[in-house]
Structures are given as C-alpha cells and as structure tokens.
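Enquirer: Line by line, the protein sequences are chains A and B.
The numbering of the first sequence is my numbering, which starts it at 1159 and goes up by one.
The numbering of the second sequence is my numbering, which starts it at 60 and goes up by one.
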Amino acid sequence: MSFEMWAEKYRPKTLGDMVNQKEIVERLKSFVRSRNVPHCIFAGPPGTGKTTAALCVARDLYGDAYRGRIMELNASDARGINVVRETVKTFARVRSIGEIPFKIMVLDEADNMTSDAQQALRRTMERYTETCRFILIANYSGKIIEPIQSRCAPFRFMYLPREEQDRYLRLIAEKEGLNLLDEGLNAIFEVCSGDLRRAINNLQAAASLNKPIDAKVVYSIAGKANPADVRKLIEIAMNGDFLEARKQLRNMIRKYGVAGSDIIRQIHTEIFRSDIPELWKIKLADVVGEIDYRLVQGSDEEVQLSALLARLVEASYELGKKI
Amino acid sequence: MYAVWVVEHKPKSLNEVVGNRDAIQKFANWVKSWEKGVPKKRAAFLYGPPGIGKTVTVEALANDFHMEFVEKNASDYRTEDAVKRFAGLASQYGSLFGGKRIVLLDELDGLTGTADRGGVKAMTGIVKTAQCPVVLIANNAYNPRFSTLRNYCLLIEFKKPPTSEVMKHLKRICLREAIEVEENALKFIAQRSQGDVRSAVNDFQALAQGKKKLTYDDVSWLGYRDRREKIFTVLRMIIYGKTCVGAKRAVDMADVDIDMLFEWIYENVPAHLTDPHDLVRAMDALSLADVYRGRIRSTQNWGFIRYVVDFMSAGVAMARQNTKAGGWIPFKFPGRIRMLSRSKAERAMRLKIGRKIKRKCHISAVRASKEILPYLRIIFKNNADMAVGLAKWLDLEPEMIEYLAGTKKKAEAITQLIG
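1) Would you say Q1277 of chain A reaches chain B, if we count a Cβ-Cβ gap shorter than 8 angstroms as a contact?
2) Assuming V1190 of chain A and D1218 of chain A are in contact, meaning their beta carbons sit under 8 angstroms apart, how far apart are those beta carbons, in whole angstroms?
3) Taking 8 angstroms as the threshold (C-beta atoms), are I1371 of chain A and I437 of chain B in contact?
4) In chain B, which residues lie less than 9 angstroms from G1300 of chain A when you measure between Cβ atoms?
5) What separation, rounded to the nearest whole angstrom, lies between the Cα atoms of Y325 of chain B and V310 of chain B?
6) Please confirm if F1400 of chain A has its CB atom under 8 angstroms from at least one CB of chain B.
7) Could you check whether the Cβ of M60 of chain B sits closer than 8 angstroms to any Cβ belonging to chain A?
8) Taking all protein chains shown into account, decide if D1420 of chain A is buried (16 or more other Cβ within 10 angstroms of its Cβ) or exposed.
9) Can you confirm whether T1289 of chain A, when its beta carbon is compared against all beta carbons of chain B, has any partner nearer than 8 angstroms?
10) Determine, using beta carbons only, whether R1225 of chain A comes closer than 8 angstroms to chain B.
11) What is the DSSP secondary structure of K71 of chain B, reduced to helix, strand or coil?
12) Among B:V129, B:C212, B:A87 and B:S372, which residue has its Cα nearest to the Cα of N74 of chain B?
13) Looking only at C-alpha atoms, which of B:P108, B:R80 and B:S72 sits nearest to V115 of chain B?
14) Cβ closer than 9 angstroms: which chain E residues qualify as neighbours of R395 of chain B?
15) Compute the beta-carbon to beta-carbon distance between T207 of chain B and T183 of chain B, rounded to the nearest angstrom, for a pair I have assumed lies under 8 angstroms.
16) What is the rounded straight-line gap between the Cα of R231 of chain B and the Cα of L1294 of chain A?
17) Could you check whether I1422 of chain A and A1443 of chain A sit closer than 8 angstroms to each other, using their CB atoms as the reference points?
18) Which of the residues in the segment 1249-1269 of chain A, read from start to end, lie with their CB under 7 angstroms from any CB of chain B?
19) At a CB-CB cut-off below 8 angstroms, which residues of chain B make contact with T1209 of chain A?
20) Mind listing which residues of the segment 1162-1192 of chain A have their C-beta closer than 9 angstroms to chain B's C-betas, in chain order?
21) Contact criterion: CB-CB distance below 8 angstroms. Does I1371 of chain A meet it with respect to chain B?
22) Thinking just about the alpha-carbon of each residue, which of B:Y106, B:L105 and B:W89 is nearest to the one in P98 of chain B?
23) Can you give, in chain order, each stretch of the beta strand (DSSP E) that sits fully within the segment 1276-1306 of chain A and has at least 3 residues?
24) Near R354 of chain B, which residues of its chain fall below 6 angstroms by C-beta distance, leaving aside the five closest residues on each side in sequence?
25) Check whether chain B comes within 8 angstroms of V1376 of chain A, counting only Cβ atoms and requiring the distance to be less than that.
26) Determine, using beta carbons only, whether R1285 of chain A and V1177 of chain A come nearer to each other than 8 angstroms.
27) Which of the three DSSP states is assigned to F1189 of chain A in this structure?
28) Extract the residue ranges of the alpha helix (DSSP H) inside the segment 1369-1450 of chain A, only unbroken runs of 4 or more that lie entirely within it.
29) Please determine, among A:N1240, A:D1353, A:R1185 and A:Y1377, the residue with the shortest C-alpha to C-alpha distance to A1363 of chain A.
30) Find the residues of chain A that neighbour V315 of chain B, judging by a C-beta separation of less than 9 angstroms, and give them in chain order.
31) Between the Cα of Y275 of chain B and those of B:T302, B:K246, B:S252 and B:P220, spot the shortest distance and give me the residue it belongs to.
32) Tell me the DSSP secondary structure of C233 of chain B in three-state form.
33) Check the C-beta distance from A344 of chain B over to M371 of chain B and give it rounded, since I have them as a contact under 8 angstroms.
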C-alpha cells in the first residue's frame, strides 16, 4: 500500500487517461490538437473530473513545462475582488514564451466568487484573451454571472456511471493489493454514486482498517454521510417532524459537507423506492424537480432543501388524513 | 448567594481605578491642597459619561486618604431645605471623630424641576462657604442649570477609558474569581462596553459566573443581545402579519440587515406555523426570496432586493391561513449563525489542515477541510503506518496530527514513527 492520497496518485495525467466524460474529453482533445483553447466553464457535481480535465489540457498542451504555464486559484480560499485584480491580472497579462502564446488560468469553485470579483474578471478575460485562457470550474454554472457565461464554452460534467466508477476502483484495489469485495464496491457506489474523488477517499479510508473491504466496512466509513442518512431524513420528515428534519439536513450540509445536489438526487431516488401511493410519487417528483432547478440557479442549499422537506411533511399529513 | 461583582470588585484604592489617570491626579492634588488651607475652588465637579468611575474615584480617594465619606445622591430629596440640612456637614473640615471629611453630591443630572426646587441654589450656597472638600458629580456639567454653580467649582472631566484599561480591570476580577478566560473573549466584552466599565463588569458577571472557563464562543453572541427585543417585534409582525403592507413595513423596522433578518425568519417560522400547509407556503416563500437573492448575484441587479423582501415578509405573512395566533413560542437566535460562531478554534484548525491538503490535491482549503479531512481522521485513528505516510506527504504539523488522530496517545505513536 502506498501512503499518499490515492485520489491524487491515481488522478489521470493526460486527456487520454481520462475514463469518463467521453464527449467532453473528445472536444478538449480537439482543442489541444488545434493548439487553441477558448475560455471554458466546466460545470458539474464534485468528483467528476473537472479539475483533472483542466490539468490534463495543460499537460497535453505544454508537455512537461506545463507547470509554469498554468495557475490554479481556488475561489473559496481567496475570492475577493483584489485577488482577481492583482493575482489574476499579473498572471494573465504576461505573454508566455514558446509555441503557444497563451497560458491557462484555472479558477476553481468560480461559483463561490463574489459578483464584484466576477465583474472584475469579466474585463480581465476580455483584455488578456491573447495571453491567457480561463477555465472556470463550478458546481453550479448558474452562480456565474451571465456576461462571463456568454464568453465561455460550457461543458457539463456528469456523475460517473456505475461501470466506470467500479472499473477505476478495481484498478486501484489491484495496484494497492486490496481485498475489495463486490459488496464493498456496491456499497461505495451507493455512498458516493459517481463522485469519484469521494469514492477513492472512501476506498482508502476503508483500506486503512486492514480488513477485507465489505459493505459493512464501507458503510461504517461513510458514517454520517451515507444514503441511509437521506433515508432517515425523509423518514423524519414523513413523520411530520420538520424541525428535526431540518436539523439533520443542517448537519449533513454543514458538518459533513454533503453537497445539496447529492442530497436532492438521493431524495429523488428514495421517493420512487418508498411505499407511498404511486400518484404521490409523481407529485413529489415535480416538487423535487422545481427545488433542484432553484438549486442550480444558485441558491442557498439548506433553504431550498428545507422547503422540500416541508413538502414531505405536508405530504405525510395529507396521506395520513386519507387512511 | 452571589455578590454583585460591580460592588464586590469595586476599586478600593485610587491606583485600582480604571483609566483617567490625569483626572484622578488633578482631583487628588486638589483634595491634598486642603491641607494647606481652603483653596480657591471649594468644590470639584467631576463629569463624564456613565459607568467610567467618577463615584468610584471619590470613594477610593476617601479610602486612600482615610477621610470620612459623606454622600448624597439622587435617591435623596434635594429640595432647598433638605440640602440646607446637609450643609452643616460641609461646614467643618474635621469630623467629630477627628478625621477629615469629604462630601459628595452625586447624580446631579437627576435633579428634577419641582421636587428639587431650589436644590441647585442651595448647593451653590454650600459650595461657596464649604469648609471641607465638596465633590459634585454629573454626566453633563454644561447643563445650563449648573451655570452659576460651575463658576465655583474645579471642573474635572472623566473620559471613557480605552479597551485595554477595561480589560485590565476584568482580568483582575478573573484572578479573584479564579476564572480562566480567553483573551479575545475579554476583549470582546471590553470593546462592546465602549468604555462603560460598570456595564462591562455586569456583562462579564452574567456570562462568567459559575464557570471555570469562559471562551470566545460563550460571549460572541452577545453582540446581538441589545437588538433582541426589537427583532422579536419584527418577527411577530411578519409571522403573524395580516396584511402584506404591515409585514413589509416590519422589514424597515428591523435594525439588522436583510440577510440577517432572513436568517431570523427562516429559523423561527417552522416552530410557529404548525399547520403543514402553512409551513409549506412559508418555506416556499423563503425559498423564492432566496432564489431572488441568487438572481441579484448573477445579474448584479440590486433592484431585485424588493422581491426578496416581498417574499420573506409578505410571502411569509400570507402563508398563515390555518395556524392560530396564540400561545407563546419563544423566538430563537438563528441556528446557522450560531453554528458559525461556535467552534471557531476547531474551524481554524480544520482550515489549516485544509491548506496543507490544498497544496497537494488541487482542491480549495475550504472544501478539503470538509470533504477530505473526515477520511483522514478515519485513517489517522485506525492505521498508524498509513497516517505516517500521509503526514509526511502532506507535511502536517504535530498539532494537526493530534487533531486528526483524536487522542494524544495515538498522535504520539504517529509522531514517533515519523521520527
């Protein structure tokens, strides 16, 4: 077993190594071939390869010298307008030497940038297009101001399908000499459902127990942030206890950092699995869809999801009346 | 029974009085000058904002100089007759028992027109003829009614002491009460008091009494305290509002910003709207208000704020169709804000570790601390070898290892392996 973060160790190095997001990767490869990359927005849920894709583009473009040509900035660590003014500008305006005249600026979590910073960025992007191309990475593209969106080629990253996540985890298990059981693999998908970074972190933490990795181990690792919790969340709401349900939701988001998009996706799945009347399933699906849309538009996750929980409380109340 | 700290820990000596060194020196010199005979000004007029130690200074001085201390304040009658009866006391320097005497007329601002009729005039008379030091205290010496009186007095201004001085005083109390207090907690209390030492000590007692240790988190919510009553009224007007206009007007009344008010409403609506349909309508209104906040962000059109206000106030008010107003349900401080102020130290540590992860893993420190750190904790608790590798790879410091491992023992095992 090696002792670094496996999610990093097994991060694909070139676009050719990337196993998923086939269409996106193909388009990016064509950018590399033509030696020209437009400004891009990579949007999509966590752990689906957005940062990796950006790094791969840089490596494929510049070869070994890529480090000097790319700069990564995490918006949630330094998202003020000054950072954009100073850091970004300084990097963006200096022409790079070599065959390709532009550098690449990766702005991670761009949806966390303040609007002021985004406004400042907009001008910078325009002015220094010759010398610098921007790749903006975001969970929700809706949180990026429209003028920037219209300057970028949009790419929507999707959660990894089951087979691809499994294939990747199996490969790591083999290289690290792990005893990864099928039920463990199942459990990881259930817990992480296509968020590859989380899946790999889960695998590594599970491996640290030095036991065969079965479902029990995985669930114990995933602890508070596994689907059973979303199930529990729904259960509490369907019992009519909104305040308790909101408390659970708050913990999931704040303490365990579960993404709102994950929670809503799991609620959606659970509704169709549950034993409420068929008609209600489709009624609730409409509500879930609406809230999901509001989330993507860039709103507060807890506020939106608790509006959904209120709907569940109401549904259980209506159902109770009918019986 | 607990004593009141303001009394219990009142400075007994001039050198314990907080701040105002110059004023105190001037005052002490004047009192000393009485030794050489009656000075030109027979009274000292101490003035300044409340709670900064004017009365305390006089008491402490009387104590230091072993003087007999005679006091009259607003709680006594101060009509002309009452003051004149008092006058006899000021007519001789030595008291009956041989000691020297100092006379204090406190809280002169409290003199009211009719009840204390002639009081100021009588006082002026006393001051003119006093045979012992007379001290007058008021918040505002320049009140026109004191204009004559002022001429016969040595004016000494007391100013608000700086935060550092207030802190010194609080620290003395900590020592005496054997309470351990985080420095920034003390600073917070001291700053909040804005130089009013009395209120600082009162706040401090309310927060610290009965505790062994007082942390910043215990006090940080205090900032919102003064506004609590007002926000309760606003919340009542919104949640139980009958008209859209009334609910919207409530928003203008609130002296917290829109986002903070949103948090208050969002926190408290569910406990008040017990009918599920009402709850759904209210939460949907809040959800829409929040959507408009998002639209403001993405379009930069701040005009949209009016829709945010509409939904969070009128929208919530109109949600209540079935729930009856009545019964008393307490309003709660927004839980999400409380969560933020809590465990500040822990968040700082998590972020520090997050920064280490960031350097290796192409992820922001904030997200690393949320998404990767939990897995590191599992690994550090269960597998020392892997922990050693990761600690080296991430270049973690000992305190970080201890945080991740959870116990000192495990952390030591890991650190030893690192060598």
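Glycine included, every Cβ here is placed at the ideal spot set by N, Cα and C.
Expert: Inspection of the coordinates gives the following:
1) Your numbering for residue 1277 of chain A matches position 119 in the first sequence. Q1277 of chain A counts as touching chain B.
2) Translated into positions along the first sequence, residue 1190 of chain A becomes position 32. Translated into positions along the first sequence, residue 1218 of chain A becomes position 60. The Cβ separation is near 5 angstroms, so the contact holds.
3) Translated into the one-based positions of the second sequence, residue 437 of chain B becomes position 378. Translated into the one-based positions of the first sequence, residue 1371 of chain A becomes position 213. Not in contact: I437 of chain B and I1371 of chain A (Cβ atoms no closer than 8 angstroms).
4) Numbered from its first residue, the first sequence carries residue 1300 of chain A at position 142. G353 and S357, listed in chain order.
5) Counted from its first residue, the second sequence places residue 325 of chain B at position 266. Counted from its first residue, the second sequence places residue 310 of chain B at position 251. Each residue's alpha carbon lies about 14 angstroms from the other.
6) The residue labelled residue 1400 of chain A in the question sits at position 242 within the first sequence. So, interface residue.
7) The residue given as residue 60 of chain B occupies position 1 in the second sequence. Here M60 of chain B scores only 38 on pLDDT, less than 50, and its place in the model should not be relied on; the value that follows carries that caveat. M60 of chain B does not count as touching chain A.
8) For this step, residue 1420 of chain A is matched to residue 262 along the first sequence. Looking at its Cβ environment, which holds 16 or more other Cβ atoms inside 10 Å, D1420 of chain A is buried.
9) For the purposes of this step, residue 1289 of chain A is identified with residue 131 of the first sequence, where counting begins at 1. No, because no Cβ of chain B sits closer than 8 angstroms to the Cβ of T1289 of chain A.
10) What you label residue 1225 of chain A is simply residue 67 of the first sequence in a count that begins at 1. With 8 angstroms as the cut-off, R1225 of chain A does not count as an interface residue toward chain B.
11) The residue given as residue 71 of chain B occupies position 12 in the second sequence. In the structure shown, K71 of chain B sits in coil (DSSP, three-state: anything other than H, G, I, E or B).
12) Along the second sequence, read from residue 1 onward, the residue named residue 74 of chain B stands at position 15. Minimum Cα distance to N74 of chain B is reached at B:A87.
13) Numbered from its first residue, the second sequence carries residue 115 of chain B at position 56. Of the listed residues, the one whose Cα sits closest to V115 of chain B is B:S72.
14) In the displayed structure, chain E is absent; the protein chains listed are A and B.
15) For the purposes of this step, residue 207 of chain B is taken as the residue at position 148 of the second sequence. For the purposes of this step, residue 183 of chain B is taken as the residue at position 124 of the second sequence. Sure, about 6 angstroms apart at Cβ, within 8 angstroms.
16) Locating residue 231 of chain B in the second sequence gives position 172, counting from the first residue. Locating residue 1294 of chain A in the first sequence gives position 136, counting from the first residue. Each residue's Cα considered, the two are about 55 angstroms apart.
17) Sequence index remark: in the first sequence, residue 1443 of chain A carries index 285 (1-based). Sequence index remark: in the first sequence, residue 1422 of chain A carries index 264 (1-based). No. Outside cutoff.
18) D1266 and E1267
19) Taking the first residue of the first sequence as position 1, residue 1209 of chain A is located at position 51. What T1209 of chain A touches in chain B: H421 and I422.
20) E1162, M1163, A1165, E1166 and R1169
21) Residue numbering aside, residue 1371 of chain A sits at position 213 when the first sequence is read from its first letter. Output row for I1371 of chain A: interface = no.
22) Position 39 of the second sequence, counted from the first residue, corresponds to residue 98 of chain B. Closest by alpha carbon: B:W89.
23) 1290-1296
24) Position 295 of the second sequence, counted from the start, is the residue given in the question as residue 354 of chain B. These residues qualify, in order along the chain: F363.
25) Position 218 of the first sequence holds residue 1376 of chain A. False, the Cβ-Cβ gap to chain B never drops below 8 angstroms.
26) If you number the first sequence from 1, residue 1285 of chain A lands on position 127. If you number the first sequence from 1, residue 1177 of chain A lands on position 19. Against a cut-off of 8 angstroms, the Cβ pair of V1177 of chain A and R1285 of chain A comes out as no contact.
27) Here residue 1189 of chain A refers to the residue found at position 31 of the first sequence. Looking at F1189 of chain A - three-state DSSP - the assignment turns out to be helix.
28) 1373-1380, 1385-1396, 1400-1408 and 1418-1431
29) Position 205 of the first sequence, counted from the first residue, corresponds to residue 1363 of chain A. Comparing Cα-Cα distances from A1363 of chain A to each of A:N1240, A:D1353, A:R1185 and A:Y1377, the minimum goes to A:Y1377.
30) Residue 315 of chain B sits at position 256 when you count from the first residue of the second sequence. None at all; the shortest Cβ gap to chain A is about 17 angstroms.
31) Mapped onto the second sequence, residue 275 of chain B falls at position 216. Of the listed residues, the one whose Cα sits closest to Y275 of chain B is B:K246.
32) Against the second sequence, residue 233 of chain B aligns to sequence position 174. Helix, per DSSP.
33) In the second sequence, residue 344 of chain B corresponds to position 285, counting from 1. In the second sequence, residue 371 of chain B corresponds to position 312, counting from 1. A344 of chain B to M371 of chain B, Cβ: 7 angstroms. Contact.
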